[in-house]
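Only one structure is covered here, and it is reproduced in the block below.
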Amino acid sequence: MKLSHLLSFATSTVAATISTRSNPYDSSETPNFGYEELYKLQTDFYNRFQYPNNIKEAESINSTVFSEDVQGRVSDTRNFVGRELNTEYIFGLFTPSDSLTIIGRPVGPYEIIQFAANQNIASATTRINFIFPSFGNISLPITVDTWMTWNAARQVTQYDVTFRWFGYLLKTLLLSVDKDPVKAQAIATTSIAKSICSTHTKYCNGTNTQYESPEECYGFLTKEIRVGESFELGMDTLLCRNVHEIMVKFRPDVHCSHIGKTGGGQCDDTISYQEKVEEQYFTNSPWKPTKY
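Residue numbers (mature numbering (1 follows the signal peptide of the UniProt record, and there is no 0)): -15 to -1, 1 to 277.
Right under this line is the structure:
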């Protein structure tokens, strides 16, 4: 064999070994896609996230955009584990709904304005145009910061998401209801509580019942819990239950408790600030490229 062929064989063997070096988190292999492929994977995700494409993903129940063991975290809410739950919250949450909600609909266009990628990891800042049907179809851009990892099947295995300036967005939405912030919050509180109670009456029956009557529901939501700050979408607040309300129609047995008195492990005050900051959640893949 010629020396050039030997060198070529050796180089390709080393490259193959590097690209499939074992993930220190588990026994699976960590793919090495490269910058261009990761950019394509990122854009494919956002193309599917846009309305009406997200309807198809939501209706699939288990979107293959995600791995079966996908782990997700959204900064101002909670953690989401597994393909079905993430299909509901990432795609289903942003589809048309009869609920009165602070959640908007991603109608595009979107623009990836910052992007860095290595191996199977991508970090992006993306500006997406949303409309908010519950607020007179007001149109506003949202900036989303994401970290994502993919497996060899090009499925998202992890994501860590922050909606940048969400508090400012929420204030802007409320002031579109009334220029007086006190009046705006009062109107929104009443409307959101009525919407949640209506959803409960429609979908949460039998063993899924959380309130004995619409009156009890309304009283609890308006008098016994706080409305919530923008960072409290995963705490014991009205706003948290408003986020989860949209999911009730998909699986009442799972989501009815999230709008109930206990919050069902999604809307409660059990996690302290320090615990949230120091949480060691992700185990599917390292967030740093493996060292060669």
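Note that beta-carbon positions come from the ideal geometry of N, C-alpha and C, so glycine has one too.
query                                                                                                         : result
Straight-line gap, residue 159 to residue 169 (C-alpha atoms, nearest Å)                                      : 6 angstroms
Residue 70 and residue 231 closer than 8 angstroms at C-beta                                                  : no
8 angstroms contact criterion, which residue 76 and residue 102 should meet: CB distance rounded              : Contact flag wrong, Cβ pair sits at about 23 angstroms.
Cβ-based neighbour list, residue 220, same chain, cut-off 6 angstroms, excluding 5 preceding and 5 following  : 254
Sub-8 angstroms separation of residue 114 and residue 124 beta-carbons                                        : yes
Strand pairing of residue 195, partner residues [DSSP]                                                        : Residue 195 pairs with nothing; no bridge assigned.
Cβ contact check for the segment 202 to 216 and the segment 41 to 56: 3 or more pairs under 8 angstroms       : no
Beta-carbon spacing of residue 228, residue 88 below 8 angstroms                                              : yes
Opposing strand residues paired with residue 53 [DSSP bridges]                                                : None; residue 53 has no bridge partner.
Where residue 226 falls: helix, strand or coil (DSSP)                                                         : helix
Exposed unless 16 or more other CB atoms sit within 10 angstroms - verdict on residue 21                      : exposed
contact_flag[the segment 171 to 182, the segment 32 to 52] where n(CB pairs < 8 angstroms) is 3 or more       : no
Residue 225 vs residue 248 beta-carbon contact at 8 angstroms                                                 : yes
Distance between residue 181 and residue 222 (C-alpha atoms, nearest Å)                                       : 12 angstroms
Spatial distance of residue 183 from residue 197 (CA atoms)                                                   : 13 angstroms
Cβ contact check for the segment 142 to 155 and the segment 59 to 66: 3 or more pairs under 8 angstroms       : yes
Ranges of the beta strand (DSSP E) found wholly within the segment 16 to 64, counting only runs of at least 3 : 51 to 59
Assigned secondary structure, residue 14 (DSSP; H/G/I helix, E/B strand, else coil)                           : strand
Distance CB(residue 151)-CB(residue 215) smaller than 8 angstroms                                             : yes
Between the CA atoms of residue 105 and residue 207 - distance to the nearest angstrom                        : 46 angstroms
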